[in-house]
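The block underneath contains the structure these notes are about, expressed in structure tokens.
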Amino acid sequence: MGAHATDSIFLVGFMGAGKSFLGRKLAISLNLPFFDLDREIEKSESRNIPTIFQERGEAAFRVSEERVLAQLSLPAVVALGGGAFISEKNRAFIGRKGRSVYLDWPFETLCERILGDPHRPLAGNELQLASLFQDRLPVYRLADLDFCPDFSDPDSAVRVLVERLA
Ligand code: S3P
1 MGAHATDSIF LVGFMGAGKS FLGRKLAISL NLPFFDLDRE IEKSESRNIP TIFQERGEAA
61 FRVSEERVLA QLSLPAVVAL GGGAFISEKN RAFIGRKGRS VYLDWPFETL CERILGDPHR
121 PLAGNELQLA SLFQDRLPVY RLADLDFCPD FSDPDSAVRV LVERLA
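In my numbering, the protein residues as written are 1 to 166.
Set out below in structure tokens:
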């Protein structure tokens, strides 16, 4: 994995992996701007994510996700939404613009964090979540780096990640 000073870093992972939490800290540490892709989609659509899903459906959300990702002003640290890396088009874009880091957590941990979260339209049902996770896992593992963050000490987690990206 070649390192370039101007690479963007894209945080990949399932809902609840802490992509935004870690991304904000990573951006400060790397002195790069930070974007949370979901928040950028909400700004662009002037609606929150559950409303986009309700009013337009998931397919339309995925179209916005691809468009907004491609329009970000890079280089930056980008926290992707849990489904963004599943799109081949997005993965190709990410590969051209920088490096991807998979935040690797066991499903049980993620499920405890997100099950029933009203802000996450896909997190309503444990069985569906489990099968979504299984389907996505091989794609998440295509990320350039696999990282198991230790959130008991987030600052040191960021330091370890910065070292691994160097
Ligand atoms: C989604 C994850 C969400 C958001 C949308 C769909 C997914 O982002 O993009 O609800 O398909 O996994 P987070 O991973 O930030 O929750």
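Yeah, the Cβ is synthetic: ideal placement off N, Cα and C, and Gly gets one too.
In this structure, does DSSP put residue i in helix, strand or coil?
i: Ser-100; result: strand
i: Gly-2; result: Residue confidence for Gly-2 is low, a pLDDT of 49 falling below 50, so the modelled location carries little weight; the figure read from the coordinates is stated next. Coil.
i: Ala-76; result: coil
i: Asp-146; result: strand
i: Leu-11; result: strand
i: Arg-62; result: helix
i: Leu-122; result: coil
i: Ala-27; result: helix
i: Gly-81; result: coil
i: Ser-20; result: helix
i: Phe-151; result: coil
Residue i and residue j look like a contact to me (Cβ under 8 Å); what is the Cβ gap, rounded to whole Å?
i: Val-78; j: Phe-35; result: 5 Å
i: Ile-41; j: Pro-121; result: So it is not a contact: roughly 13 Å between Cβ atoms.
i: Ile-86; j: Gly-16; result: So it is not a contact: roughly 16 Å between Cβ atoms.
i: Ala-84; j: Leu-137; result: Not quite, the Cβ-Cβ distance comes to about 15 Å (not below 8 Å), so this is no contact.
i: Ser-8; j: Val-162; result: Not really, about 15 Å apart at Cβ, beyond 8 Å.
Is the beta carbon of residue i within less than 7 Å of some heavy atom of the ligand S3P?
i: Ile-94; result: no
i: Leu-69; result: no
i: Pro-33; result: no
i: Arg-49; result: The sequence shown places Ile at residue 49, not Arg. Yes, the ligand S3P has a heavy atom inside 7 Å of this Cβ.
i: Pro-121; result: yes
i: Lys-19; result: yes
i: Asp-38; result: yes
Where do the N-terminal and C-terminal ends of the alpha helix (DSSP H) with residue i fall, by residue?
i: Asp-135; result: 126 to 140
i: Pro-154; result: 154 to 165
i: Pro-50; result: 49 to 56
i: Leu-110; result: 107 to 114
Note the first and the last residue of the continuous beta strand (DSSP E) segment covering residue i.
i: Asp-36; result: 34 to 36
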